[in-house]
Amino acid sequence: MPTSLMDYLRILPEIILTVFGALILLVEGAARGGSRGRIAGALAFIGSLLALAAGISLIRYPGTAFAGMVRVDSVSIYFHILILATVAVVTLLAMDFLRTDGHPRGEFYALLLFAAVGMGFMVSSDNLILTFIGLEISSISSYVLCAYRRHAPKSTEAALKYLLLGSFATAFFLYGITLLYGASGSVSLPAIGQSLAGKMAAGGLALGSLIPLAAALIFVGLGFKVSAAPFQVWTPDVYEGAPALVTGFISTAAKAAAFVILLRVFYVALRGYSQQWFWLMWVAAILSMTLGNIGALRQTSLKRMLAYSSVAQAGYILVAFAVIAQNPAPRVLPGHAPVSGILAGPGVGAILFYLTVYTAMNLGAFAVIARVANRGERFTSLSDFAGLGKRHPGLALAMTLFLLSLLGVPFTGGFLAKLYIFQSAFQAHLIGLAIVALVNTVIAAWYYLRVVVYMYMRPPEGELPPIASSPAWTLGAACCAVVVLWLGILPGHLLHWLAK
Amino acid sequence: MPINLHLWLVPGLCLAGFLLNLVFGRLWGKSIAGAVGVGFSGLALLAALWVAHRWSGAPYIEPHATWFLAGPLRVSFGLFLDPLSLLMMLIVTGVGFLIHLYSLGYMSEEGGFYRYFSLLNLFLFFMLTLVLAGNYLLLFAGWEGVGFASYILIGFFFRRDAAARAGIKAFVVNRIGDFGFLLGLFLIFARFGSFNYQTVFARAATLPVESGWHGPLTVIALLLLVGALGKSAQLPLYIWLPDAMEGPTPVSALIHAATMVTAGVYMIARSAVIYDHSPAARSLVLAIGALTAIFAASIGVLQRDIKRILAYSTISQIGYMFMACGVAAYGAGVFHLMTHAFFKALLFLGAGSVIHAMHGEQDIFRIRSLAPGGLKRYAPITFWTFVIATCAISGIPGFSGYFSKDLILERVFAATSGAGRIWWALGLVAAFLTAFYMFRALFVTFFPAPAGAPESAAHPTGQEPAGAAAAGGHGNPENAPRHALPHESPAVMTIPLLGLAVLAALGGYLNWGDRLLHFLAPAFSPTPNAVAYRPLPPFLTAGVQHALMALTIAVALGGLLLAWVLYRRRPRAAAQWAEAVPGLYRLVFNKYWVDEFFDAVLITPLRAISHWVLWRGVDDGLIAGSLRGIGGGLLKTSDGLRRQISGSLRSYAAWIAAGACAAVIYMGWLTLR
Chain A
1 MPTSLMDYLR ILPEIILTVF GALILLVEGA ARGGSRGRIA GALAFIGSLL
51 ALAAGISLIR YPGTAFAGMV RVDSVSIYFH ILILATVAVV TLLAMDFLRT
101 DGHPRGEFYA LLLFAAVGMG FMVSSDNLIL TFIGLEISSI SSYVLCAYRR
151 HAPKSTEAAL KYLLLGSFAT AFFLYGITLL YGASGSVSLP AIGQSLAGKM
201 AAGGLALGSL IPLAAALIFV GLGFKVSAAP FQVWTPDVYE GAPALVTGFI
251 STAAKAAAFV ILLRVFYVAL RGYSQQWFWL MWVAAILSMT LGNIGALRQT
301 SLKRMLAYSS VAQAGYILVA FAVIAQNPAP RVLPGHAPVS GILAGPGVGA
351 ILFYLTVYTA MNLGAFAVIA RVANRGERFT SLSDFAGLGK RHPGLALAMT
401 LFLLSLLGVP FTGGFLAKLY IFQSAFQAHL IGLAIVALVN TVIAAWYYLR
451 VVVYMYMRPP EGELPPIASS PAWTLGAACC AVVVLWLGIL PGHLLHWLAK
Chain B
1001 MPINLHLWLV PGLCLAGFLL NLVFGRLWGK SIAGAVGVGF SGLALLAALW
1051 VAHRWSGAPY IEPHATWFLA GPLRVSFGLF LDPLSLLMML IVTGVGFLIH
1101 LYSLGYMSEE GGFYRYFSLL NLFLFFMLTL VLAGNYLLLF AGWEGVGFAS
1151 YILIGFFFRR DAAARAGIKA FVVNRIGDFG FLLGLFLIFA RFGSFNYQTV
1201 FARAATLPVE SGWHGPLTVI ALLLLVGALG KSAQLPLYIW LPDAMEGPTP
1251 VSALIHAATM VTAGVYMIAR SAVIYDHSPA ARSLVLAIGA LTAIFAASIG
1301 VLQRDIKRIL AYSTISQIGY MFMACGVAAY GAGVFHLMTH AFFKALLFLG
1351 AGSVIHAMHG EQDIFRIRSL APGGLKRYAP ITFWTFVIAT CAISGIPGFS
1401 GYFSKDLILE RVFAATSGAG RIWWALGLVA AFLTAFYMFR ALFVTFFPAP
1451 AGAPESAAHP TGQEPAGAAA AGGHGNPENA PRHALPHESP AVMTIPLLGL
1501 AVLAALGGYL NWGDRLLHFL APAFSPTPNA VAYRPLPPFL TAGVQHALMA
1551 LTIAVALGGL LLAWVLYRRR PRAAAQWAEA VPGLYRLVFN KYWVDEFFDA
1601 VLITPLRAIS HWVLWRGVDD GLIAGSLRGI GGGLLKTSDG LRRQISGSLR
1651 SYAAWIAAGA CAAVIYMGWL TLR
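Chains as they are written, first to last, in this note's numbering: chain A, 1 to 500; chain B, 1001 to 1673.
1. Three-state secondary structure (DSSP) at residue 1291 of chain B?
2. Could you tell me the alpha carbon to alpha carbon distance between residue 384 of chain A and residue 302 of chain A, rounded to whole angstroms?
3. Hey, could you find the ends of the alpha helix (DSSP H) residue 517 of chain A is sitting in?
4. Would residue 1232 of chain B and residue 1318 of chain B qualify as a contact pair, given that the criterion is a beta-carbon distance under 7 Å?
5. Given that a residue counts as buried once 16 or more other Cβ atoms are within 10 Å of its Cβ, and exposed if not, what is residue 1220 of chain B?
6. If you compare alpha carbons, which of A/470, A/232, A/29 and A/257 is closest to residue 1649 of chain B?
7. Quickly, what does DSSP pair residue 421 of chain A with across the bridge? List them, please.
8. Counting only Cβ pairs nearer than 8 Å, list the residues of chain B close to residue 276 of chain A.
9. I'd like to know if the region 1401-1409 of chain B and the region 1328-1344 of chain B are in contact, where contact means that at least 3 CB-CB pairs between them fall below 8 Å.
10. 7 Å is my cut-off, CB to CB: does residue 135 of chain A come that close to chain B?
11. Quick one, which of A/362, A/355 and A/109 has its alpha-carbon nearest residue 257 of chain A's?
12. Provide the residue span of the beta strand (DSSP E) that contains residue 71 of chain A, from first to last.
13. Less than 7 Å between CB atoms is the rule here; does residue 99 of chain A satisfy it with respect to chain B?
14. When the Cα of residue 1373 of chain B is compared with those of B/1496, B/1304, B/1450 and B/1179, which residue comes out closest?
15. Closest by CA to residue 1305 of chain B, which one among B/1268, B/1290 and B/1368?
16. Check the Cβ of residue 169 of chain A against every Cβ in chain B and list those closer than 7 Å, keeping chain order.
17. Please check the pair residue 318 of chain A and residue 239 of chain A, which I expect to be a contact at CB under 8 Å, by giving their CB distance rounded to whole angstroms.
18. Out of curiosity, what's the CA-to-CA distance linking residue 477 of chain A and residue 374 of chain A?
19. Look at residue 1025 of chain B and residue 1118 of chain B and say whether their C-beta atoms are less than 7 Å apart.
20. Pull up the DSSP beta-bridge partners for residue 1731 of chain B, would you.
21. On a CA-only basis, which of B/1052, B/1077 and B/1053 is nearest residue 1062 of chain B? Give me that one, please.
22. Using CA atoms only, rank isn't needed, just tell me which of A/486, A/381, A/323 and A/461 is closest to residue 425 of chain A.
23. For residue 1486 of chain B, which residues from the same chain have a beta carbon less than 7 Å from its beta carbon, with the 5 sequence-adjacent residues on both sides left out?
24. In chain order, what residues of the same chain lie with their CB nearer than 6 Å to the CB of residue 396 of chain A, ignoring the 5 residues before and after it?
25. Enumerate, from N- to C-terminal direction, the unbroken alpha helix (DSSP H) stretches of 4 or more residues contained entirely within the region 1152-1239 of chain B.
26. Can you give the Cα-Cα distance for residue 493 of chain A and residue 265 of chain A, rounded to whole angstroms?
27. 7 Å is my cut-off, CB to CB: does residue 1618 of chain B come that close to chain A?
28. If you follow the alpha helix (DSSP H) that residue 1062 of chain B is in, where does it begin and where does it stop?
29. For chain B, check one thing: does any of its Cβ atoms lie closer than 7 Å to the Cβ of residue 294 of chain A?
30. On the DSSP letters alone, give me the boundaries of the beta strand (DSSP E) that residue 1541 of chain B sits inside.
31. Which of the residues in the region 443-476 of chain A, read from start to end, lie with their CB under 8 Å from any CB of chain B?
32. Is any non-hydrogen atom of the ligand COA found closer than 6 Å to the C-beta of residue 109 of chain A, if you look at the structure I gave you?
33. Taking the alpha helix (DSSP H) that residue 166 of chain A falls in, what are its first and last residues?
34. Whose CA, out of B/1083, B/1040, B/1205 and B/1004, lies closest to the CA of residue 1057 of chain B?
35. Mind pulling the chain B residues with CB within less than 9 Å of residue 482 of chain A?
36. Which bits of chain C does residue 212 of chain A rub up against, with CB to CB less than 8 Å?
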């Protein structure tokens, strides 16, 4: 099938990001002196905004591109918007952080944009090979970003661990794809789904027996990416070692993109086997929530604590995956109605809402940490946050908001996000799972609120160097805070949109 | 598509005033805080008038953002305007603005000026949300909001123990009512699948009228009634309102007389369609209204604290409004709500002016002894406006209260027969008592003591008044400067008095020729064309009507006359009467010991259970104990887990491999099974 202009239009966000990424590298090489980082930052911001605009405009051009490799549907548009907005906010947050820390800046932004290219393909790919390539583009950029504080041993150690374990997990993922191809004869998700459905209808389980194995292996690979237990072991070390903003980025946007792959592979291609993979999700959800929350209780480093917390958050989202396994039939098949389709199923809306809120609140929390940590990220322990409410009321207030939202206190987005997940679990009669999730929320209160207690009720310990003002950071953090509050008080807009 | 009325502006402006004073109030001084508070309530009044001017007369829905979605439930911030909510909006903003203005003078010597005005604006915002809501849930949000504002304003002088306690009491008693209200809302949703007025009423209208107490609409009506009883301080949930007088007097005028306490009446009138389908629930509304009217009026007869007299009279007057709703004369009830808002706000502001003049004294007999020659000499404007308000509430012909009270009594008479007339008779007696105790308050407060009057008229028990001065409504007594002689209030306080006096005197003529009833009628009927204005039964001929009217007038004048005799002509008689029936006197003087009864039967046992069983036993022992155990266990587990995560790459890979093995084995087992 010959490619048309429309095909390129449907990957316009990725094209823009690539062009700007390359442009940054070129300009960075040519520019000299003080203007170097500034131009790169501006280019990255403009590029992400342009890509965001392109992503939004895709709403008018749903369909497939490149012979069905790329699918522009409601999910891919939605996550393009989410990921690109995250990139834009991270660019803002990073502008001053990079300068005060004395890092070269151009490469950072270029890597950020390239990672976003990978994520873009992850969320819009309908073809497992393209999915794999997207996953690798984003992962490799992330590995490098983790090592960005390259003089700090922790940072390079984190990157190395991430790289080795990530490659290990990718191998599982690739092996799963191979088995799936062997079983169905295709790497295209809708084709796999049809082929498997046909085989199931014919009762031919001889070849189908490979499918559950493939599902297990793919789940291992993706479970690693979303840091679901028991594949979460790398998370604390990597999240702690990587620069706080990079952690903020890979724990939100990269996770969201991986969750979309999980959704597409299991919900679209492996729908017929939902009774089998339901238990994978169920066990992983319970393990992630419990291990994540219990692990977070005794952490003294805030970054490590939030790493465990993000494992637990992944667990809550997996609860919703168990829900959609119970209700496998979407009202409209994804292949038929590109802009409504996949959202129709129960639980899917809850996943999207949760990921949106989670992205805003987690990124916000890491943004505050990056700021308090100051030069060289020296101040990331709980005791460094003691008395922050007195010294930096604004930062403390923002941190409180993000933590309360992570905990799920009413009037923050986190509350409604949890509510919708739990509600969908109850509706799907997954009472046990819902109760475990509720109990876990209670456990989580201990370590989230402990930070608030430290910030407001403990006297400051030792001297902290002053925190330089940064308008760009303030703007970025304000975006996160506004989203958290907006979705907590007036979720109606987004819910309405999701329901459509 | 009708024109956009921008209805949201009316509550929105009050919210803006609240936020501005909340954020900046501490920074700018008293004058700006006051100007912002009064200014935004005035702007809200202008916006309300603007809306009224442009409104076409057809029910108007202003959809706003979706509040939330939950399953089939979609709740929006939709606002709604019909004759009923228009009238309520104008009452709330109009009276609200005047009271804001009055507060400028009254609160000028108090601390927390900006806090006061921001809260007063917040109250208006919630009250307007309540009356303009387009669905029951938003109404409930406003309902809870005014409850909160009321709670926090009653306790405005939070350093005073009595004020803080009164605030809590109001909140807790209202909570009992809200519980019923919430259950009613759940039933509405379960029955009609929506909270929207239009949907609910349209569906309810298609159901048959129910007989007995078990029909779904009857149950809904009864549960809503429980909520209304709490909010509107009716039997048996009235006990919070007298204590609520601990708040600043303008707050009592606005919240506990003119607007919030009548929200129950508004809600019942709004739910007219539901009550129309349940004669049983309506008969209960009628009975409670009549009993409350006479019960509270009888207590009012012997009270000595001017604000408490007014509080009991408020309870009693709202009883009349309930009576009207009980006979499906919602228009008459709302009419009385309006006139009551005028004259009761005026009475409270007048009382505030008196208290202001007397530097915090609230006992009417002591006021008389402290103002040589009668207070009317020192505060003529306060006096004359108080006279107008007293005439209005007593039902003296020509004044506003006369029209509405007469209308209610007539409707009750028309709708009942046989033994049911007892409610009408009770209403009539309550009207007599009202005239009596209001003129008693007027004569004692403003006139010099007649020759031969006992220094501090009879009160054998004598326990009540002692605290009145110390707990004076005029703010913190320490703050009140002690001048030698009483004085008239400043213009900023007397102008609202004059404005309300005009309304209290002439407000009744708004219903000339039943115009107000006709105007309101569509609000009580679900379909736009149905005639909700009920024709009178045939036996109510012009002759009977005139006879009833004469009876009402006679009763009012009789009350006036009795008060005149007892407190001007024959001052000893009152004491002699009291000594003749000491038991009855003590019973009434102590307000039938209702508070003491609740205290002994409910509160003391509850406290004991809370303390010994719930706190010491369940909370401290069971919950805290087990939490300590579980928490400790979790922390130990966390430590153990931390040791497992060693940082070694090989162990991590082993974890992942083990997880992968488990997944593969499980899935393989599924296949081979």
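Heads up, the beta-carbon is just placed ideally off N, CA and C, and yes, glycines get one too.
Short version:
1. Three-state DSSP puts residue 1291 of chain B in a helix.
2. When rounded, the distance between both Cα atoms is 10 Å.
3. The structure shown does not extend to residue 517 of chain A, since chain A spans only 1 to 500, so no value can be given for it.
4. Going by C-beta atoms, residue 1232 of chain B is nearer than 7 Å to residue 1318 of chain B.
5. Burial call: buried.
6. The option with the nearest alpha carbon to residue 1649 of chain B is A/232.
7. According to DSSP, residue 421 of chain A bridges with nothing at all.
8. Neighbours of residue 276 of chain A on chain B, chain order: 1667 and 1670.
9. Flag = yes, the region 1401-1409 of chain B and the region 1328-1344 of chain B touch.
10. Contact with chain B is absent for residue 135 of chain A, since none of that chain's Cβ atoms lies less than 7 Å from the residue's Cβ.
11. For residue 257 of chain A, the nearest C-alpha among the options comes from A/355.
12. That run of the beta strand (DSSP E) goes 70-72.
13. Cβ-Cβ to chain B under 7 Å: no for residue 99 of chain A.
14. Residue 1373 of chain B has its Cα closest to that of B/1450, out of B/1496, B/1304, B/1450 and B/1179.
15. Looking at B/1268, B/1290 and B/1368, the one whose alpha-carbon comes closest to that of residue 1305 of chain B is B/1368.
16. Within 7 Å Cβ-Cβ: 1656.
17. That belief does not hold up - the Cβ atoms of residue 318 of chain A and residue 239 of chain A are roughly 19 Å apart, past 8 Å.
18. Straight-line Cα distance between these residues: approximately 16 Å.
19. Contact check for residue 1025 of chain B against residue 1118 of chain B passes: the beta carbons are separated by less than 7 Å.
20. The structure shown has nothing for residue 1731 of chain B, since chain B only spans 1001 to 1673.
21. Nearest option by C-alpha distance: B/1077.
22. Looking at the Cα atoms, A/323 is the closest of the given residues.
23. 1357, 1358, 1371, 1375, 1378 and 1379.
24. Closer than 6 Å at Cβ, skipping near neighbours: 388, 389 and 455.
25. Restricting attention to alpha helix (DSSP H) runs no shorter than 4 residues, the region 1152-1239 of chain B encloses them at 1161-1192, 1197-1205 and 1216-1231, ordered along the chain.
26. Annotation: residue 493 of chain A to residue 265 of chain A spans about 29 Å, alpha carbon to alpha carbon.
27. Not one beta carbon of chain A lies nearer than 7 Å to the beta carbon of residue 1618 of chain B.
28. Here residue 1062 of chain B belongs to no alpha helix (DSSP H); instead the beta strand (DSSP E) covers 1060-1062.
29. Among the residues facing chain B, residue 294 of chain A is included, as its CB has a counterpart in that chain under 7 Å away.
30. Neither: residue 1541 of chain B is in no beta strand (DSSP E) and is coded neither H nor E.
31. Near chain B, meaning a CB-to-CB distance below 8 Å, the residues of the region 443-476 of chain A are 443 and 446.
32. Because no ligand of any kind appears in the structure shown, any question about the ligand COA cannot be addressed here.
33. Residues 153-184.
34. Of B/1083, B/1040, B/1205 and B/1004, the residue nearest in Cα terms is B/1083.
35. Chain B residues near residue 482 of chain A: none, gap ~16 Å exceeds 9 Å.
36. In summary, chain C is missing from the structure at hand, where the protein chains are A and B.
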